[in-house]
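Trainee: Here's a structure for you.
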Amino acid sequence: MPELPEVETVCRDLRSLGLVGKCIESVRIFRERIVSAPSCATFSANLTGAVIASITRRGKFIVMALDDGRFLLTHLRMTGSFSPRLKDTPEGLYDRVRLGFHDLDLVYQDPRAFGRMWLVQSLESVLGKLGPEPFDPALTTRVFHTRLHMHHKMLKSLLLDQEFLAGLGNIYSDESLFEAGLHPKRESDSLLPEEADRLLTAIRMVLDSSISQGGTSLGDGVGNFTSNGHAGTNSMQLRVYQRTGQACVRCGQPIERIVLGQRGTHFCPHCQTLTGEPIAGQVRPF
DNA sequence: AGAGCTGTTACCAA
DNA sequence: TTTGGTAACAGCTC
10 MPELPEVETV
20 CRDLRSLGLV
30 GKCIESVRIF
40 RERIVSAPSC
50 ATFSANLTGA
60 VIASITRRGK
70 FIVMALDDGR
80 FLLTHLRMTG
90 SFSPRLKDTP
100 EGLYDRVRLG
110 FHDLDLVYQD
120 PRAFGRMWLV
130 QSLESVLGKL
140 GPEPFDPALT
150 TRVFHTRLHM
160 HHKMLKSLLL
170 DQEFLAGLGN
180 IYSDESLFEA
190 GLHPKRESDS
200 LLPEEADRLL
210 TAIRMVLDSS
220 ISQGGTSLGD
230 GVGNFTSNGH
240 AGTNSMQLRV
250 YQRTGQACVR
260 CGQPIERIVL
270 GQRGTHFCPH
280 CQTLTGEPIA
290 GQVRPF
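Right, here's the structure in full:
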């Protein structure tokens, strides 16, 4: 379920585990469909003996650069997670892939098994179509506005499109639109430069704030996002996501839930107008 | 017990 | 090009 802030948190956790510089001594695959490419046999054979040179993030992908120039990519999809495991501990119910290091194992767990891994020579084949990183300085307001006008699409759908912008999912799309005061159904090519600026600023603020909270954990069931075994605390900061019927923190009106593009969409019908007209009444600033 | 929901994405049809 | 439906899979909530 991880979006950009959760994946960023996972990368930091993996680095703090001390994996950078360590050799992958063994590879065990318990659910073959997790390995997208190459074949499982080749994946295991070619990954064994490689040393992890760095661990970074691109969109919602975890990028482990290896010392031989190849890359181990992981996408957690809905319920994927990494956990350190003492060596010789038994296989867990949702363990899908297990990497053995000299002093510990790293287990990829995934109850729904939607997540995927790739071992590739170049990033292009998997990451090539991804849109810009939200924090890329080259993504100026002007560029963002231009990109918005390249599509005639509802803002909510466009923000979920990883080829438009890399890293947003359902939570942060809704939160960013609220923060920007824009209706989820607003057409992307109708935004004024000032509105595009507000949206980009909101996206960066919402993501940055969540990263500083260690990401968003919802509930405590299996597959829920955690960091170092602990829940991220950003759920406390959510303004609209999963707050259907509750009072808007800005104007007090009830938050509404609709379905757009098959995804639950939460917004304040009073603060997020379709027309972009100024909001009447007593409200707090965004 | 059963129906409907879920943080993601790929694919197909219209 | 865009939206909508379905699918992968399993757990959670009501």
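Residue numbers for the first sequence follow the numbering used here, beginning at 10 and rising by one.
Ideal placement from N, C-alpha and C gives every residue a C-beta, glycine not left out.
#1: Does DSSP put Ala59 in a helix, in a strand, or in coil?
#2: Between the beta-carbon of Leu139 and the beta-carbon of Leu164, is there less than 8 Å?
#3: Pick out the complete beta strand (DSSP E) segments inside the region 212-269, 3 residues or longer, and give them in chain order.
#4: Along the chain, where does the alpha helix (DSSP H) containing Val29 start, and where does it finish?
#5: Between the region 72-86 and the region 145-159, can you find at least three pairs of beta-carbon atoms closer than 8 Å?
#6: Relative to the alpha-carbon of His84, which residue among Asp229, Ala54, Ser90, Gly124 has its alpha-carbon at the smallest distance?
#7: Starting from the Cα of Glu142, find the closest Cα among Arg24, His160, Leu168, Tyr117 and give me that residue.
#8: Using a Cβ-Cβ cut-off of 6 Å (strictly less than) and excluding sequence neighbours within five positions of Phe173, which residues of its own chain qualify?
#9: Please classify Gln281 as buried or exposed, where buried requires at least 16 neighbouring CB atoms within 10 angstroms.
#10: Which complete alpha helix (DSSP H) runs does the region 66-108 hold, if anything under 4 residues is left out?
#11: DSSP three-state label for Ala122, please.
#12: Rounded to a whole number of angstroms, what is the C-alpha to C-alpha distance between Glu12 and Asp97?
#13: Report all residues from its chain with a CB closer than 8 Å to the CB of Arg42; omit the five preceding and five following residues, and keep chain order.
#14: Can you name the residues that DSSP bridges to Leu115?
#15: Going by the DSSP bridge assignment, what does Glu196 pair with across the sheet?
#16: Please classify Cys32 as buried or exposed, where buried requires at least 16 neighbouring CB atoms within 10 angstroms.
#17: Do Leu82 and Val129 come within 8 Å of each other at the CB atom, strictly closer than that value?
#18: Enumerate in chain order the residues of its own chain whose CB-to-CB distance from Ala240 is below 6 Å, with the five nearest sequence positions on each side excluded.
#19: Leaving aside the five residues before and after Ala205 along the sequence, list all residues of the same chain whose C-beta is less than 8 Å from its C-beta, in chain order.
#20: Kindly indicate which three-state DSSP category Ala46 falls into: helix, strand or coil?
#21: Kindly indicate which three-state DSSP category His154 falls into: helix, strand or coil?
#22: Using 8 Å for Cβ pairs, my map puts Pro99 next to Leu115. What's the rounded Cβ distance?
#23: Below 8 Å between beta carbons: does that hold for Ile64 and Val29?
#24: Using CA atoms only, rank isn't needed, just tell me which of Ser90, Asp170, Gly223, Cys257 is closest to Thr242.
#25: My understanding is that Arg272 touches Val258, with C-beta atoms under 8 Å, so please give their C-beta distance in whole angstroms.
#26: Candidates Tyr103, Phe80, Leu95: which alpha carbon is nearest Thr88's?
#27: In three-state DSSP terms, what is Leu13?
#28: Does DSSP put Phe128 in a helix, in a strand, or in coil?
Mentor: By the coordinates alone:
#1: The sequence position of residue 59 within the first sequence is 50, counting from 1. Coil at Ala59, not helix or strand.
#2: Counted from its first residue, the first sequence places residue 139 at position 130. Counted from its first residue, the first sequence places residue 164 at position 155. Result no, Cβ atoms of Leu139 and Leu164 do not sit closer than 8 Å.
#3: 265-269
#4: Reading the first sequence from its first residue, position 20 is the one you call residue 29. Looking at the DSSP string, Val29 is not in any alpha helix (DSSP H), and its letter there is neither H nor E.
#5: no
#6: For this step, residue 84 is matched to residue 75 along the first sequence. Comparing Cα positions, the closest option is Gly124.
#7: Your numbering for residue 142 matches position 133 in the first sequence. For the residues Arg24, His160, Leu168, Tyr117, the minimum Cα distance to Glu142 belongs to Leu168.
#8: On the first sequence, residue 173 is found 164 positions in, with the first residue counted as 1. These residues qualify, in order along the chain: Gly140, Leu167.
#9: As a first step, residue 281 is located in the first sequence; it is residue number 272 there, counting from the start. Flag for Gln281 reads buried.
#10: none
#11: Here the question's residue 122 lines up with position 113 in the first sequence. If DSSP states are grouped into helix, strand and coil, Ala122 belongs with coil.
#12: Here residue 12 refers to the residue found at position 3 of the first sequence. Here residue 97 refers to the residue found at position 88 of the first sequence. Roughly 32 Å separates the two Cα atoms.
#13: Locating residue 42 in the first sequence gives position 33, counting from the first residue. Same-chain partners within the cutoff: Ala122.
#14: Against the first sequence, residue 115 aligns to sequence position 106. Per DSSP, Pro93, Leu108.
#15: Counting from 1 along the first sequence, the entry for residue 196 is found at position 187. Per DSSP, Met163.
#16: Taking the first sequence and counting its residues from 1, the one referred to as residue 32 is at position 23. Exposed, by the Cβ-count rule.
#17: Walking along the first sequence from the start, residue 129 turns up at place 120. Walking along the first sequence from the start, residue 82 turns up at place 73. In contact: Val129 and Leu82 (Cβ atoms closer than 8 Å).
#18: On the first sequence, position 231 is the one that residue 240 refers to. These residues qualify, in order along the chain: Ser226.
#19: Counted from its first residue, the first sequence places residue 205 at position 196. Excluding sequence neighbours, Ala205 sits near Thr150, Phe153, His154, Leu157.
#20: Sequence index remark: in the first sequence, residue 46 carries index 37 (1-based). Residue state, collapsed to three classes: strand.
#21: Reading the first sequence from its first residue, position 145 is the one you call residue 154. Helix.
#22: What you label residue 99 is simply residue 90 of the first sequence in a count that begins at 1. What you label residue 115 is simply residue 106 of the first sequence in a count that begins at 1. Not really, about 16 Å apart at Cβ, beyond 8 Å.
#23: By one-based count along the first sequence, residue 64 stands at place 55. By one-based count along the first sequence, residue 29 stands at place 20. It is a contact, given that the beta carbons lie within the stated cut-off.
#24: Residue 242 sits at position 233 when you count from the first residue of the first sequence. Among Ser90, Asp170, Gly223, Cys257, the Cα nearest to that of Thr242 is on Gly223.
#25: Walking along the first sequence from the start, residue 272 turns up at place 263. Walking along the first sequence from the start, residue 258 turns up at place 249. Not a contact, Cβ separation roughly 22 Å.
#26: Here residue 88 refers to the residue found at position 79 when the first sequence is read from its first residue. Nearest C-alpha to Thr88: Tyr103.
#27: Working through the first sequence from its first residue, we reach residue 13 at position 4. DSSP places Leu13 in helix when its eight states are reduced to three.
#28: Here residue 128 corresponds to residue number 119 of the first sequence, with the count starting at 1. The identity of residue 128 in the sequence shown is Leu, whereas the question assumes Phe. Here Leu128 sits in strand by DSSP.
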